[in-house]
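Take a look at the structure set out below.
2 protein chains.
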Amino acid sequence: MRRIKLTVEFDGTHFAGLQTQAKGERTVQNTLEQALAQIPGAIPKVVAAGRTDAGVHALAMPLHYDTLDPIPPEKIPLALNGLLPPDLRALAAEEVAPEFHARKSCHWRAYRYRILNRKTPSALLRHYAWWIPQQLNLVAMRHALEHLVGEHDFKAFAVKEKRPTVRRIYRAHLTVLTPDIAQDAKNEREIHLEFVGSGFLRGQVRSMVGTLVEVGLGKRDSQSLGELLRTGTRSQAGPTAPPQGLYFVGAGYAPWGAA
Amino acid sequence: MRRIKLTVEFDGTHFAGLQTQAKGERTVQNTLEQALAQIPGAIPKVVAAGRTDAGVHALAMPLHYDTLDPIPPEKIPLALNGLLPPDLRALAAEEVAPEFHARKSCHWRAYRYRILNRKTPSALLRHYAWWIPQQLNLVAMRHALEHLVGEHDFKAFAVKEKRPTVRRIYRAHLTVLTPDIAQDAKNEREIHLEFVGSGFLRGQVRSMVGTLVEVGLGKRDSQSLGELLRTGTRSQAGPTAPPQGLYFVGAGYAPWGAA
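Protein chains in written order, with the numbering used here: chain A, 51 to 309; chain B, 51 to 309.
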């Protein structure tokens with residue numbers, strides 16, 4: 051039996067999330083397992099590095115599965131892509147040690163949240179960004195982001211989380227860019243919020259983003275994020291940002307910062 | 051009666067093109083006219099600056115229609131967006147002189163073609179770019195582009211065109227960028243081909259792009275584009291690039307280069 055680490059990209063728009071919770075749902079997990087079931091020798095059971103909700107995308111989600119199939123790993127993506135729908139693509143595969151575990155061996159996960167900041171709504175990005183027409187105070191948002199870096203109890207940002215709520219964020223960063231397909235570059239910008247952490251609680255990234263946007267809109271001050279980490283009061287956090295702006299960007303299997 | 055210039059954005063994925071050719075098709079024109087029919091006083095007949103095929107997108111397509119409705123123009127986008135599906139958005143509206151004509155008054159049109167150049171296919175950009183896994187020779191492509199600028203007979207690049215085939219291209223430009231949502235910025239790039247011209251023949255931009263990509267792949271040399279313009283032989287041109295990479299970017303109602 052060989053263990054394969056597989057990296058996939060998916061467009062979350064038409065998936066009911068990554069992980070299967072009820073039978074018959076079109077999840078990424080179900081769709082992958084149905085494809086693997088068509089490969090003789092492959093065990094149709096996948097474990098992913100992270101979980102993502104319905105509508106959330108992934109640029110590079112690592113997962114693992116086991117197989118008796120002797121196919122060279124570099125041929126797996128092409129073979130799988132012939133069996134997968136176009137909104138789910140296998141990008142890379144490699145054979146790993148049998149003790150490798152896509153979730154448990156993972157040292158860090160990276161997420162990006164994409165905001166479209168312009169006056170008019172977008173047809174093209176309706177499934178791929180959160181549209182915010184108001185002016186956002188980016189200086190205040192950057193100040194607020196600094197509070198999140200380090201080891202904290204993120205209870206205030208968790209949704210229905212039963213595990214312990216202490217996590218470490220290695221990096222929290224805001225970048226501004228002109229959209230790839232900007233129509234009116236002068237009055238249009240994208241704001242990307244990037245987070246790298248040891249792991250994230252259920253709903254944590256979207257809840258942090260919703261709270262940061264309240265800072266940007268002047269509805270709360272940047273200090274309030276420190277306060278939230280100290281008190282852990284969910285009801286004081288901002289709203290949960292919508293799923294379509296969130297991307298799982300990647301995960302690492304060596305400590306963050308290691309070569 | 052007032053004439054309104056309306057600018058719309060649309061995601062072409064689920065439209066059978068802009069212009070209605072057969073009854074019952076889900077075209078941009080049909081969808082807009084159905085929305086206008088719900089506004090008392092509006093004449094549900096639109097004329098657009100350009101035509102786009104099924105799958106082709108628009109960032110800012112100007113069009114006009116007439117109305118007896120006294121609504122202030124700045125309120126039209128919000129009113130229309132309440133009646134339109136999310137893949138078609140009204141961006142701006144203004145009242146124009148009765149002799150304004152979205153197609154006939156137009157001095158220039160701008161298109162962008164988006165190529166995703168990386169080894170692996172993309173789930174997220176499957177409807178929004180042409181995926182090309184091979185290396186492309188950008189120097190040769192830029193040389194080839196220069197041949198297209200100026201007034202030429204573009205017959206070799208036209209598909210089912212009955213009008214005269216002489217057009218003027220003001221600008222033809224290639225830019226390379228890192229995708230907004232790049233997963234692996236080192237091994238991934240977007241190539242954007244931009245064209246501004248007095249007008250374009252049916253299929254012209256996609257046919258030019260297909261030919262330019264053959265230059266990039268080393269299947270033909272950059273001189274062959276000059277040859278094609280001289281001979282006008284359609285069968286010597288490259289294949290038509292797929293629709294999902296093409297964006298109608300905008301149109302202008304003053305001469306190109308005027309303030």
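All residues carry an ideal CB built from backbone N, CA and C; glycine is no exception. Quick caveat: nothing in here was measured; it's all calculated off a predicted structure.
Query raised in the report: Can you tell me the Cα-Cα spacing of B/A152 and A/G307, whole angstroms?
Result: 56 angstroms
Report task. In angstroms with no decimal places, state the Cα-to-Cα distance between A/V265 and A/M191. Result -> 6 angstroms
Requested in this report: With 9 angstroms as the threshold, decide whether the Cβ of B/N167 is near any Cβ in chain A.
Outcome: no
Requested in this report: Hey, could you find the ends of the alpha helix (DSSP H) B/A85 is sitting in?
Outcome: V78 to L86
Requested in this report: Can you tell me which of the three DSSP states A/M191 falls into?
Outcome: helix
Report task. With a 10 Å radius around its C-beta and 16 neighbouring C-beta atoms as the bar for buried, classify B/G300 as buried or exposed. Result -> buried
Requested in this report: Using DSSP bridges, identify the partner residues of A/L227.
Outcome: A/E240
Requested in this report: Use the C-beta contact count for A/H64: other C-beta atoms within 10 angstroms, 16 or more gives buried, fewer gives exposed.
Outcome: exposed
Query - A/I165, enclosing beta strand (DSSP E) - first and last residue - result: W158 to N167
Query - Residue nearest to B/Q79 in terms of C-alpha spacing, selected from B/L68, B/I89 and B/A72 - result: B/L68
Report task. Give the interface partners of A/F60 over in chain B, defined as CB-CB distance under 7 angstroms, in chain order. Result -> A173
Query raised in the report: How many angstroms separate the CA atom of B/Q71 from the CA atom of B/I219?
Result: 28 angstroms
Query raised in the report: Exposed or buried, A/H202, counting other C-beta atoms within 10 Å across all chains shown (16 or more means buried)?
Result: buried
Requested in this report: With a 10 Å radius around its C-beta and 16 neighbouring C-beta atoms as the bar for buried, classify A/K205 as buried or exposed.
Outcome: buried
Query raised in the report: How about B/L56 and B/L138: do their beta carbons lie closer than 9 angstroms?
Result: no
Query raised in the report: Are the Cβ atoms of A/G260 and A/P229 separated by less than 9 angstroms?
Result: no
Query - Distance between beta carbons of B/A98 and B/L321, contact taken as under 8 angstroms - result: Given that chain B is displayed from residue 51 to residue 309, the structure contains no residue 321 of chain B and the question cannot be resolved.
Query raised in the report: Using a beta-carbon distance cut-off of less than 8 angstroms, what residues from the region 116-128 of chain B approach chain A?
Result: P127
Report task. With 9 angstroms as the C-beta to C-beta threshold (strictly closer), list the residues of the region 136-148 of chain B near chain A in chain order. Result -> P136, D137, L138, R139, A140, L141 and A142
Query raised in the report: Using the beta-carbon of each residue, which ones in chain B are nearer than 8 angstroms to A/N131?
Result: P171
Report task. Report the option in B/S257, B/T281, B/G268 and B/Q273 whose CA atom is closest to the CA atom of B/P292. Result -> B/S257
Requested in this report: Could you tell me which of A/M51, A/R217, A/G62 and A/R162 sits nearest to A/V146, measuring between CA atoms?
Outcome: A/M51
Query raised in the report: Taking Cβ positions, are A/S274 and A/A194 nearer each other than 9 angstroms?
Result: yes
Query raised in the report: Are there 16 or more other CB atoms within 10 angstroms of the CB of A/E124, so buried, or fewer, so exposed?
Result: exposed
Report task. Consider the Cβ of A/Y178: report whether some Cβ of chain B lies at a distance smaller than 9 angstroms. Result -> yes
Query raised in the report: Assuming A/F245 and A/A160 make a contact with CB atoms under 8 angstroms, what is their CB distance in whole Å?
Result: 7 angstroms
Requested in this report: Throw me the rounded Cβ distance for the B/I165 and B/E59 pair, which I believe falls under 8 angstroms.
Outcome: Between B/E59 and B/I165 the Cβ distance is about 21 angstroms, and since that is not below 8 angstroms, they are no contact.
Report task. Determine the direct distance from the alpha carbon of B/H242 to that of A/P127, and round the result to whole angstroms. Result -> 27 angstroms
Query raised in the report: By a C-beta neighbour count over all protein chains shown, 10 Å radius and 16 as the cutoff for buried, is A/A87 buried or exposed?
Result: exposed
Query - B/G132 classed as buried or exposed, judged by whether at least 16 other C-beta atoms fall within 10 angstroms - result: exposed
Query raised in the report: When you compare each of B/G200, B/R168, B/L279 and B/R270 to B/Q185 by their alpha carbons, which one comes out closest?
Result: B/R168
Query raised in the report: To which residues of the same chain is A/G105 closer than 6 angstroms at the C-beta, ignoring the five residues directly before and after it?
Result: G62, P293 and Q294
Query raised in the report: In angstroms, rounded to a whole number, what distance separates the CA positions of B/A110 and B/K212?
Result: 26 angstroms
Query raised in the report: Mapping DSSP to helix, strand and coil, what is B/R218?
Result: strand
Query - Option in B/F298, B/G276 and B/Y178 with minimal Cα separation from B/G100 - result: B/F298
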